[in-house]
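Numbering (this note's numbering), first residue to last: 14 to 421.
We put the beta carbon where it would ideally sit given N, CA and C, even for glycine.
Computed from a predicted model, the values in this text were never measured in an experiment.
What follows is a single structure, written as structure tokens, with notes after it.
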Amino acid sequence: MHKVGRMTNTNSKKTVVLVYSGGLDTSICIPMMKEEYGYDHVVTVTVDVGQPAEDIAQAAEKAKIMGTEHYTVDAKEEFAAEYCFRAIKSNAMYEGYPLSTSIARPLIAAKAVEVAKKIGATAFAHGCTGKGNDQFRIEYGIRALMPEAVIHAPIREKNLTRTWEIEYAKKKNVPIQQSLTKIWSIDENLWGRSIEGGRLEEPNFAPPEEIFQWIKSPKDAPDTVTELKVEFKNGVPVSLNGETFTPGKLVAKANHYAGTNAIGRIDVMEDRMLGLKVRENYECPGSTLLLTAHKALEALVLTREEIKFKEKVDAQWSELAYQGLWWDPFKDDLEAFQNNTQKRVSGTVTMRLYKGNLTIIGRESPWALYSEDLASFDTTTFDQRESTGMVKNFGLQQRMFFHLAKKM
Ligand code: ARG
């Protein structure tokens, strides 16, 4: 087991791995690491989990201008297969929206650690503020995979404001043109797009149409119904309308189907880990679609008690994922139960997509705990007469209570 704490090695101060998005917060960390934290080599790592390609390119471009050693890691397929599909098996939701930003952070941390190990670094920096959840997720992730890591969070440690950051960036020639014109703070990956800031900080301000990039407004969505068959194997989707895809491509395609049909816009008041309430808008087209289909299939194949218990396990799992405790042993324990149930979650769910509505219209599975022969109004396979005794004695204690109450 590694010792947790600061390194004593004098070389350890030289190189720092910066978890880099290319935005204002992380960009000012570059000169800051050198001038205020005493590093002479900054390595920037941008992890592609499905952000717009121009954001990834821009991060690389800025890193080049500022002279860092830069790594772009394409983790889209890994993110879809190991994180989004995991979220499906766990029906991962938080306060009414599919967990999306939160499930990408551990992978981003893991990739930063991979680069650090490759180049022999143990110091990290990130651009999270002290108000949000991402500081927990990024730092937990890094420390889980490299317990001896030293982590700097300049925005938090120096209590910086956006105005101060812009001034500093100008002084240090940090390219921030795009940041200056940005009204909304956006975080985007394959599983969802989150929009906050600007006038959205007023909980009573209606989300303007311009914040939505992935999902059409119902009034602009097609006037015809789209029918979609989602096929699952062992709890994860494998094909859409009979066409198979890699996990990353499948999620992208699901985003397209649902986005075109105005499905997955969500506006919530969210309780962050530190207790702050924030107004968040989400675009979760593909995740809404796939999670809904998955639940419909579970309803067909799992027992009543499994479904009830799994809801609790899923809620607990979602809590851990929200908090970024991705490598917590408790999460493994919960997954052991979830995974066992998913062995039977195979089959097909048929849905209708129409102007913001997502309706299940059919489900089938070789594991269906359903028999038409037993349930039908027109059969006698289930002998009704056998229910008589059960019905008479069901609720026995309630009957006894009223019997006693009458005598009192
Ligand atoms: N509050 C959400 C979460 O903790 C998303 C935050 C994303 N950040 C943003 N700037 N939109 O997962």
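Closest to residue i by CA distance: which of the options is it?
i: A219; options: R292, D386, L382; result: R292
i: H83; options: Q71, E91, E90; result: Q71
i: T301; options: Y52, F390, Y50, L112; result: L112
i: Q64; options: A117, Y110, E244; result: A117
i: M106; options: A328, E90, E240; result: A328
i: T305; options: G360, W197, M364, L347; result: M364
i: T28; options: K368, T81, T142, K183; result: T81
i: K290; options: F258, L241, L213, A271; result: L213
i: R99; options: N406, G248, K262; result: G248
i: V58; options: L120, E108, R150; result: L120
i: S192; options: D68, G143, K171, N217; result: D68
i: P216; options: N294, E256, M46, E48; result: N294
i: E48; options: S400, K184, K195; result: K184
i: Y270; options: M421, F343, P235; result: P235
i: E90; options: P260, Y367, R278, K368; result: P260
i: T368; options: D386, R278, S400, F245; result: Reading off the sequence shown, one finds Lys at residue 368, where the question assumed Thr. The candidate whose alpha carbon is nearest that of K368 is R278.
i: A66; options: S34, G51, M45, E95; result: S34
i: A93; options: F407, G408, F258, L409; result: F258
i: N172; options: N146, D147, T142; result: T142
i: Q148; options: A122, I132, K130; result: A122
i: G272; options: N370, R150, F415; result: N370
i: Y110; options: E296, L417, Y50; result: E296
i: W197; options: M413, I224, R175; result: I224
Less than 8 angstroms between the CB atoms is what I'm expecting for residue i and residue j, so what's the real figure, rounded?
i: K323; j: T354; result: 6 angstroms
i: S331; j: S103; result: 7 angstroms
i: L287; j: K144; result: 7 angstroms
i: F350; j: H307; result: Not confirmed; about 16 angstroms, so no contact.
Using a threshold of 7 angstroms, state whether the C-beta atoms of residue i and residue j are closer than that.
i: C97; j: W227; result: no
i: V30; j: V60; result: no
i: N202; j: V32; result: no
i: A88; j: K124; result: yes
i: I189; j: L37; result: yes
i: P298; j: I276; result: yes
i: A381; j: S115; result: no
i: V314; j: L347; result: no
i: R376; j: A309; result: yes
i: V55; j: V243; result: no
i: E311; j: V264; result: no
i: I101; j: L241; result: no
i: S378; j: G402; result: no
i: T239; j: N186; result: no
i: M159; j: V126; result: yes
i: Y52; j: M46; result: yes
Measuring from the CB of residue i, is there a heavy atom of the ligand MN at a distance below 6 angstroms?
i: T301; result: Summarising the ligand content, the structure contains the ligand ARG and does not contain the ligand MN.
Please report whether the beta-carbon of residue i lies at a distance below 7 angstroms from any beta-carbon of chain B.
i: I199; result: You won't find chain B in this structure, because it holds only one protein chain.
- contact_flag[the stretch 71-83, the stretch 224-233] where n(CB pairs < 8 angstroms) is 3 or more: no
- Just checking, does the stretch 244-258 make contact with the stretch 198-216 on the three C-beta pairs under 8 angstroms criterion? no
- Query: Three or more C-beta pairs closer than 8 angstroms, one from the stretch 142-157 and one from the stretch 336-348: is that the case here?
  - Reply: yes
- Message: Closer than 8 angstroms is the cut-off here; do at least three beta carbon pairs connect the stretch 35-42 with the stretch 173-192?
- Response: yes
- Query: Quick one: any contact between the stretch 383-398 and the stretch 277-291, if contact means 3 or more CB pairs under 8 angstroms?
  - Reply: no
- Query: Touch check for the stretch 157-171 and the stretch 133-140: three-plus C-beta pairs under 8 angstroms?
  - Reply: yes
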